[in-house]
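**Student:** I have a structure I would like to understand better, so I am pasting it below and will then ask my questions one at a time.
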Ligand code: GLA
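Residue numbers (our numbering): 4 to 331.
In structure tokens form, the structure reads like this:
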């Protein structure tokens, strides 16, 4: 301590704050959230981070492209919902591949919303609205809910009609590997909206996917709880077949990745994850074999990446009270 009584550490709060928002892996229940269906995703250990400080204006830098539409969409949605919206200057980084089926945009929007609102408690539907404002795509509420409500070690059995969540523990015997084919789509390219319109108009093949997928979700939640990897794998593979043949949102690269990872003896089943058309495949495997499965896929599919994922907690401010509990 010096003569003035100070400890040499500033007693003013540090103004630097960091917010993180995880990506989303959907175990099963694809293209049914916007129909009011029940889905089974988890928040995964890939994330968007925003580090910076409150300011009079909003200046966010990123190496991953134009953030302006997202900032504008989040701002408007926050304002429409009556939140107070502040300024923030900072840096955005992300480990979530963009446009690959792992909710990179929902995570980005949640992180921006936390930064602009000073960490307010935000409703998932508000951010679904901001996605619509940012990209013009009317999606469901699965991604935003998972990013905002995820829980470590658990999947969310999420009723998208009511927003009700039942947390299903993921048994330690079950592991997950994501294969990123390296191919990319944009939701705004129209095919997502087209499929949604078709199923809403009652086209028989599209509806057949939606109803069979809904059945598989409830069965998957039951077998996940029971730790029955073989049964879970069969349902996941069934989901892929339905997305490929009835909903027609697969691609040659996704089908190939499903076949390659599915050939590993530790893999119980695999399917495309997210909206489809390109991006990633999710494989359910015996826990402990993830690195081996990922290595095999990387060797057999040059240009792809493969890695283990696990369920983590929802988005929030990082660190014990960054800026809120000053060290004195
Ligand atoms: C995207 C949308 C979600 C959901 C999935 C498909 O990720 O944002 O709302 O519709 O596609 O299940």
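Cβ atoms here follow ideal geometry from the backbone N, Cα and C, with glycine treated the same way. Since we're looking at a predicted model, the values are computed, not measured.
When every heavy atom of the ligand GLA is checked, does at least one fall within less than 7 Å of the C-beta of residue 33?
**Tutor:** Flag set: Cβ of residue 33 near the ligand GLA.
**Student:** Quick one: what's residue 86 bridged to in DSSP?
**Tutor:** Note: residue 86 sits in no beta bridge, so no partner.
**Student:** So, for residue 209: in the same chain, excluding its five sequence neighbours on each side, which residues have a beta-carbon less than 8 Å away from its beta-carbon?
**Tutor:** 198, 201, 202, 249, 250, listed in sequence order.
**Student:** To test your reading of the DSSP string, which unbroken beta strand (DSSP E) runs of 3 or more residues are found completely within the stretch 57-86?
**Tutor:** Entirely contained in the stretch 57-86, the beta strand (DSSP E) runs reaching 3 residues are, in chain order, 61-65.
**Student:** Since residue 272 is in the beta strand (DSSP E), which residue starts that stretch and which ends it?
**Tutor:** 270-275 is the extent of the beta strand (DSSP E) around residue 272.
**Student:** Contact check, residue 116 vs residue 81 under 8 Å by CB: the rounded distance?
**Tutor:** 6 Å between Cβ atoms; contact.
**Student:** Express the C-alpha separation of residue 51 and residue 270 in angstroms, rounding to a whole number.
**Tutor:** So the two alpha carbons sit approximately 29 Å from each other.
**Student:** Rounding to the nearest angstrom, what Cα-Cα distance links residue 35 and residue 28 in this structure?
**Tutor:** Cα to Cα, the separation comes out at about 15 Å.
**Student:** Three-state secondary structure (DSSP) at residue 22?
**Tutor:** If DSSP states are grouped into helix, strand and coil, residue 22 belongs with the strands.
**Student:** Along the alpha helix (DSSP H) that carries residue 284, what are the first and last residues, could you check?
**Tutor:** Here residue 284 belongs to no alpha helix (DSSP H); instead the beta strand (DSSP E) covers 283-289.
**Student:** Mapping the DSSP letters down to three states, classify residue 304 as helix, strand or coil.
**Tutor:** It is coil, neither helix nor strand.
**Student:** Please report the residue range of the beta strand (DSSP E) in which residue 170 lies.
**Tutor:** Run containing residue 170: 168-172, per the beta strand (DSSP E) assignment.
**Student:** Exposed or buried, residue 335, counting other C-beta atoms within 10 Å across all chains shown (16 or more means buried)?
**Tutor:** Shown here, the chain extends from 4 to 331; a query on residue 335 therefore has no answer.
**Student:** Would you mind stating whether residue 141 and residue 94 have Cβ atoms separated by less than 8 Å?
**Tutor:** Against a cut-off of 8 Å, the Cβ pair of residue 94 and residue 141 comes out as no contact.
**Student:** Can you tell me the Cα-Cα spacing of residue 10 and residue 99, whole angstroms?
**Tutor:** With a pLDDT of only 40 at residue 10, under the threshold of 50, the placement of this residue in the model should not be trusted, and no figure is reported.
**Student:** Under a three-way DSSP split, which group does residue 328 fall into?
**Tutor:** Because residue 328 sits at a pLDDT of 36, beneath the cut-off of 50, its placement in the model cannot be relied upon, and the following sentence gives the value as read from the coordinates. Note: residue 328 maps to coil in three-state DSSP.
**Student:** Under 8 Å by Cβ, that's how I've got residue 171 and residue 228 pegged, so tell me the actual separation to the nearest angstrom.
**Tutor:** Their Cβ separation, rounded to whole angstroms, is 6 Å, which keeps residue 171 and residue 228 in contact under 8 Å.
**Student:** Under the rule that 16 or more other beta-carbon atoms within 10 Å means buried, what is residue 205, buried or exposed?
**Tutor:** Residue 205 is exposed by the Cβ-count criterion.
**Student:** Heavy atom of the ligand GLA less than 7 Å from the Cβ of residue 73, yes or no?
**Tutor:** Because no heavy atom of the ligand GLA lies under 7 Å away, the Cβ of residue 73 does not count as near it: no.
**Student:** Between the alpha carbons of residue 299 and residue 83, how many angstroms are there, rounded?
**Tutor:** Answer to the nearest angstrom: the Cα atoms are 49 Å apart.
**Student:** Give the straight-line distance between the Cα atoms of residue 76 and residue 267, rounded to the nearest whole angstrom.
**Tutor:** Each residue's alpha carbon lies about 43 Å from the other.
**Student:** If you compare alpha carbons, which of 166, 137, 232, 122 is closest to residue 174?
**Tutor:** The shortest Cα separation from residue 174 among 166, 137, 232, 122 belongs to 232.
**Student:** By the three-class DSSP mapping on this structure, what secondary structure does residue 8 have?
**Tutor:** With a pLDDT of 38 at residue 8, under the threshold of 50, the predicted position of this residue should be treated as unreliable, though the coordinate-derived value follows. Reduced to three states, the DSSP call for residue 8 is coil.
**Student:** State the Cα-Cα distance for the pair residue 19 and residue 54, rounded to the nearest angstrom.
**Tutor:** About 7 Å.
**Student:** Taking residue 317 as the reference, give the member of 69, 56, 104, 110 with the closest Cα.
**Tutor:** Comparing Cα positions, the closest option is 110.
**Student:** Does the distance from the CB of residue 46 to the CB of residue 91 come in under 8 Å?
**Tutor:** Not closer than 8 Å, so no.
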